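Student: So the sequence lines, in the order shown, correspond to chains H and P. Start counting the first sequence at 72; every next residue gets the next number (our numbering). Start counting the second sequence at 72; every next residue gets the next number (our numbering). Note that the Cβ used here is the ideal one computed from N, Cα and C, for glycine as well. Owing to the predicted nature of the structure, the values given are computational and were not obtained by experimental measurement. The following block contains the structure, expressed as structure tokens.
Number of protein chains: 2
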Amino acid sequence: MAQSTSSKVNETSRSAVGRDGVLDIAARLFREQGYGSVSLRKIAEAAGIKAGSIYYHFGSKDEIVAAVLDAGIQVVHESMRDAVTALPADTDGETALRAAIRAHLRALLDVSDYTSANVRIFGQVPQSVRDANLPTRRAYEAEWDSLLSRLQEDGTLKQDVDIRRLRLMLIGALNATLDWFDPDRGSAEALSRTYADVFLNGILEKQDT
Amino acid sequence: MAQSTSSKVNETSRSAVGRDGVLDIAARLFREQGYGSVSLRKIAEAAGIKAGSIYYHFGSKDEIVAAVLDAGIQVVHESMRDAVTALPADTDGETALRAAIRAHLRALLDVSDYTSANVRIFGQVPQSVRDANLPTRRAYEAEWDSLLSRLQEDGTLKQDVDIRRLRLMLIGALNATLDWFDPDRGSAEALSRTYADVFLNGILEKQDT
DNA sequence: TTATTAACCTAACAGGCGTTAGTTAGGCAT
DNA sequence: ATGCCTAACTAACGCCTGTTAGGTTAATAA
Chain H
72 MAQSTSSKVN
82 ETSRSAVGRD
92 GVLDIAARLF
102 REQGYGSVSL
112 RKIAEAAGIK
122 AGSIYYHFGS
132 KDEIVAAVLD
142 AGIQVVHESM
152 RDAVTALPAD
162 TDGETALRAA
172 IRAHLRALLD
182 VSDYTSANVR
192 IFGQVPQSVR
202 DANLPTRRAY
212 EAEWDSLLSR
222 LQEDGTLKQD
232 VDIRRLRLML
242 IGALNATLDW
252 FDPDRGSAEA
262 LSRTYADVFL
272 NGILEKQDT
Chain P
72 MAQSTSSKVN
82 ETSRSAVGRD
92 GVLDIAARLF
102 REQGYGSVSL
112 RKIAEAAGIK
122 AGSIYYHFGS
132 KDEIVAAVLD
142 AGIQVVHESM
152 RDAVTALPAD
162 TDGETALRAA
172 IRAHLRALLD
182 VSDYTSANVR
192 IFGQVPQSVR
202 DANLPTRRAY
212 EAEWDSLLSR
222 LQEDGTLKQD
232 VDIRRLRLML
242 IGALNATLDW
252 FDPDRGSAEA
262 LSRTYADVFL
272 NGILEKQDT
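In structure tokens:
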């Protein structure tokens with residue numbers, strides 16, 4: 072059942088980039104340069120093939136960017152859900168929320184070109200491509216709403232905050248780090264702690280009189 | 072000194088759009104559609120003139136978008152500074168910070184196509200255009216840093232938060248509202264209160280035991 | 001050995017882009 | 001009336017874009 076023939080020859084040709092290779096490169100270029108300035112010829116050149124060859128793997132440019140967007144959400148969704156469900160069953164609410172924030176930020180800043188590309192170019196792609204990405208997005212948003220609702224019900228969160236709005240504020244704030252955070256000058260790890268501190272406790276000096 | 076000749080004939084021709092008219096329309100289109108999908112021909116058509124005519128007012132597309140970007144920062148900068156300096160001299164720190172947040176959010180969501188266009192397209196324009204906008208940006212950032220530093224010195228803010236990072240988090244979070252907030256379904260006014268509440272006091276339910 | 005298939009290449013297409021040069025029409029002051 | 005100035009117009013330029021059709025190569029399967 073393990074190996075069938077001789078050694079481990081699984082790649083079809085010598086140096087085939089393949090669909091996944093093209094997609095990886097497209098995600099990286101989209102993250103670095105945005106949607107508008109990345110042409111199929113640029114992607115092809117970075118992949119070491121010619122522009123027309125991309126149409127062997129994809130039917131259109133929209134199909135490429137749609138695949139990148141979907142993968143970007145799936146990565147961060149999986150990452151965030153795993154981080155929360157991996158916690159011991161008796162974990163307190165604050166710790167769970169901190170874990171979710173940390174997972175989102177790490178996917179965005181450390182791990183995945185797909186997730187960062189999604190955040191970066193979502194507002195630049197054609198409407199039809201955005202629409203195609205919406206179901207995947209909604210699933211991730213529902214994951215957050217579920218977590219936040221749970222924390223509100225068990226008394227961890229204030230009762231007077233609207234969950235949907237809180238989620239939009241939180242994810243919006245985290246995603247905005249992409250515009251200025253430089254992973255070489257600080258860890259996403261530490262940054263996530265700062266964000267959690269600010270969102271959970273605020274920035275005001277409390278006087279207990 | 073008031074009126075010189077007859078009535079109020081100040082416009083040169085019947086229906087001249089003029090430099091400012093073109094700029095207004097460009098800002099609106101950039102805010103609505105992003106940088107990449109707004110061509111000079113689109114701007115011209117919306118302005119009721121032909122594409123080539125734009126070159127009477129501007130030397131290049133870059134010059135247009137640079138003008139939009141600069142104006143966008145200037146509007147929000149002035150708006151925020153005025154909101155803070157208009158307060159009575161003995162105003163407490165928290166109120167000042169809330170006023171600054173409110174002014175930024177209103178410029179972004181209610182008042183100015185230029186400010187919203189800036190936030191929307193800054194990450195999409197050519198590097199040279201971004202660089203040209205940097206000095207104006209830095210001046211606005213300095214205004215915030217000055218306010219936040221003052222609040223930290225007088226004990227309003229916690230001592231252990233880095234001012235620069237706090238400013239990046241705050242403005243980033245506010246700017247992110249552009250992606251989801253619909254002014255028809257809620258006031259920027261009320262939204263700014265929510266943001267101030269979250270940032271100042273956090274979202275955690277405090278128990279005083 | 002032959003046939004098949006995956007993965008690529010070449011060359012071209014129509015259309016849109018920013019940009020330029022030269023021209024035209026109307027208002028104003030001399 | 002003349003000549004200038006402002007604000008437009010027309011027509012074209014070279015370039016880049018996404019996309020297509022048909023040909024080539026090398027590895028695998030029969």
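Going by DSSP, what residues sit across from P/L140 in a beta bridge?
Tutor: Locating residue 140 of chain P in the second sequence gives position 69, counting from the first residue. P/L140 is not bridged to any residue.
Student: Should P/K229 be flagged as near chain H, meaning a C-beta pair shorter than 8 Å?
Tutor: Working through the second sequence from its first residue, we reach residue 229 of chain P at position 158. Yes - at least one Cβ of chain H is within 8 Å of the one on P/K229.
Student: Please list the partners that H/T265 has in chain P, where partner means a Cβ-to-Cβ separation under 7 Å.
Tutor: Within the first sequence, the letter at position 194 stands for residue 265 of chain H. The answer, in chain order, is R236.
Student: Counting only runs of 4+ residues fully inside the region 145 to 195 of chain H, write out the alpha helix (DSSP H) ranges in chain order.
Tutor: 164 to 177 and 184 to 192
Student: Provide the residue span of the alpha helix (DSSP H) that contains H/S220, from first to last.
Tutor: Position 149 of the first sequence holds residue 220 of chain H. From DSSP, the alpha helix (DSSP H) with H/S220 extends over Q198 to E224.
Student: How should P/K132 be labelled, buried or exposed, when 16 other C-beta atoms within 10 angstroms of its C-beta is the threshold for buried?
Tutor: What you label residue 132 of chain P is simply residue 61 of the second sequence in a count that begins at 1. Its Cβ being crowded by 16 or more others within 10 Å, P/K132 is buried.
Student: Indicate whether at least one CB of chain H lies closer than 8 Å to the CB of P/E276.
Tutor: One-based indexing of the second sequence puts residue 276 of chain P at position 205. By this cut-off, P/E276 is an interface position.
Student: Do you know offhand how far P/A261's Cα is from H/N246's?
Tutor: Position 190 of the second sequence holds residue 261 of chain P. Position 175 of the first sequence holds residue 246 of chain H. Their backbone Cα atoms lie some 23 Å apart in a straight line.
Student: Provide the residue(s) that pair with H/L275 in DSSP beta bridges, ordered along the chain.
Tutor: As a first step, residue 275 of chain H is located in the first sequence; it is residue number 204 there, counting from the start. Bridge partners of H/L275: P/L228.
Student: Hey, does P/V269 have any beta-carbon neighbour from chain H nearer than 8 Å?
Tutor: Counted from its first residue, the second sequence places residue 269 of chain P at position 198. Yes - at least one Cβ of chain H is within 8 Å of the one on P/V269.
Student: Taking a Cβ distance cut-off of 9 Å, strictly less, list which residues of the region 96 to 119 of chain H are near chain P, in chain order.
Tutor: G105, Y106, G107 and S108
Student: Could you tell me if P/A210 is buried or exposed, where buried requires 16 or more neighbouring beta carbons within 10 angstroms of its beta carbon?
Tutor: Working through the second sequence from its first residue, we reach residue 210 of chain P at position 139. Exposed.
Student: Hey, would you say H/A118 sits closer than 8 Å to H/V88, going by beta carbons?
Tutor: Numbered from its first residue, the first sequence carries residue 118 of chain H at position 47. Numbered from its first residue, the first sequence carries residue 88 of chain H at position 17. Yes, Cβ-Cβ distance for H/A118 and H/V88 is below 8 Å.
Student: Which of the three DSSP states is assigned to H/I114 in this structure?
Tutor: Counting from one through the first sequence, the residue named residue 114 of chain H turns up at place 43. In the structure shown, H/I114 sits in a helix (DSSP, three-state: H, G or I).
Student: Can you tell me whether P/I242 is helix, strand or coil according to DSSP?
Tutor: Indexing the second sequence from 1 puts residue 242 of chain P at position 171. Helix at P/I242.
Student: Can you give me the C-alpha to C-alpha distance between P/I192 and P/G105, rounded to a whole angstrom?
Tutor: Taking the first residue of the second sequence as 1, we reach residue 192 of chain P at position 121. Taking the first residue of the second sequence as 1, we reach residue 105 of chain P at position 34. Approximately 6 Å between the Cα atoms of the pair.
Student: Across the region 163 to 171 of chain P and the region 229 to 239 of chain P, are there enough close Cβ pairs to call them in contact, namely three or more that are closer than 8 Å?
Tutor: With the rule of 3 Cβ pairs closer than 8 Å, the region 163 to 171 of chain P does not count as touching the region 229 to 239 of chain P.
Student: What does P/E165 touch in chain H if you count any residue whose Cβ is under 8 Å from its own?
Tutor: As a working mapping, residue 165 of chain P is identified with position 94 in the second sequence. Near P/E165 (Cβ distances below 8 Å), the residues of chain H are L275.
Student: Are the CB atoms of P/T162 and H/E276 nearer to each other than 8 Å?
Tutor: Residue mapping note: residue 162 of chain P aligns to position 91 of the second sequence, counting from 1. Residue mapping note: residue 276 of chain H aligns to position 205 of the first sequence, counting from 1. No, these two residues do not count as a Cβ contact at 8 Å.
Student: Using the Cα positions of H/D184 and P/N272, report the straight-line distance between them to the nearest angstrom.
Tutor: For the purposes of this step, residue 184 of chain H is taken as the residue at position 113 of the first sequence. For the purposes of this step, residue 272 of chain P is taken as the residue at position 201 of the second sequence. Using only the alpha carbons, I get a separation of about 34 Å.
Student: Please list, in chain order, the chain H residues whose beta carbon lies closer than 7 Å to that of P/D250.
Tutor: Taking the first residue of the second sequence as position 1, residue 250 of chain P is located at position 179. Near P/D250 (Cβ distances below 7 Å), the residues of chain H are G194 and G243.
Student: What's the gap between the Cα of H/V136 and the Cα of P/E103?
Tutor: Here residue 136 of chain H refers to the residue found at position 65 when the first sequence is read from its first residue. Here residue 103 of chain P refers to the residue found at position 32 when the second sequence is read from its first residue. Roughly 21 Å separates the two Cα atoms.
Student: If we count Cβ pairs, one from each stretch, closer than 8 Å, do we get three or more for the region 250 to 269 of chain H versus the region 196 to 209 of chain H?
Tutor: no
Student: Could you spell out where the alpha helix (DSSP H) holding H/A87 opens and where it closes?
Tutor: Translated into the one-based positions of the first sequence, residue 87 of chain H becomes position 16. Premise fails: H/A87 is in no alpha helix (DSSP H) and is neither H nor E.
Student: Would the region 207 to 226 of chain H count as touching the region 210 to 219 of chain P if we require 3 or more Cβ pairs under 8 Å?
Tutor: no
Student: Comparing alpha-carbon positions, which option in P/V93, P/H175, P/S110 and P/A267 lies nearest P/E214?
Tutor: On the second sequence, position 143 is the one that residue 214 of chain P refers to. The shortest Cα separation from P/E214 among P/V93, P/H175, P/S110 and P/A267 belongs to P/H175.
Student: Out of P/A138, P/D250, P/G257 and P/L222, state which residue places its alpha-carbon closest to the alpha-carbon of P/R238.
Tutor: Numbered from its first residue, the second sequence carries residue 238 of chain P at position 167. Residue P/L222 is the option with its Cα nearest to P/R238.
Student: Considering only their Cβ atoms, is the gap separating P/V147 from P/L180 smaller than 8 Å?
Tutor: Stepping through the second sequence from its first residue, residue 180 of chain P is reached at position 109. Stepping through the second sequence from its first residue, residue 147 of chain P is reached at position 76. Their beta carbons are not under 8 Å apart, which means P/L180 does not touch P/V147 by this criterion.
Student: Using the three-state DSSP reduction, which class does H/I96 fall into: helix, strand or coil?
Tutor: Reading the first sequence from its first residue, position 25 is the one you call residue 96 of chain H. H/I96: helix per DSSP, three-state reduction.
Student: Using CA coordinates, which residue listed in P/V93, P/L241 and P/F252 is at the minimum distance from P/I172?
Tutor: For the purposes of this step, residue 172 of chain P is taken as the residue at position 101 of the second sequence. Checking every option, the nearest Cα to that of P/I172 belongs to P/L241.
Student: Out of P/I125, P/L140, P/F129 and P/I114, which one is the CA nearest neighbour of P/P197?
Tutor: On the second sequence, residue 197 of chain P is found 126 positions in, with the first residue counted as 1. Looking at the Cα atoms, P/L140 is the closest of the given residues.
Student: Is P/V155 close to chain H, meaning its C-beta is less than 8 Å from at least one C-beta of that chain?
Tutor: What you label residue 155 of chain P is simply residue 84 of the second sequence in a count that begins at 1. It does not: the Cβ of P/V155 has no partner Cβ on chain H nearer than 8 Å.
Student: Does any residue of chain H have a CB that is nearer than 8 Å to the CB of P/N272?
Tutor: Translated into the one-based positions of the second sequence, residue 272 of chain P becomes position 201. Yes, P/N272 counts as interfacial toward chain H.
Student: Is the beta carbon of H/G143 closer than 8 Å to that of H/T186?
Tutor: In the first sequence, counting from the first residue as 1, residue 186 of chain H sits at position 115. In the first sequence, counting from the first residue as 1, residue 143 of chain H sits at position 72. With contacts defined as CB atoms closer than 8 Å, H/T186 and H/G143 qualify as a contacting pair.
Student: Indicate, with yes or no, if the ligand SAM has a heavy atom lying under 7 Å from the CB of H/A117.
Tutor: The ligand SAM is not part of the structure shown, which contains no ligands of any sort.
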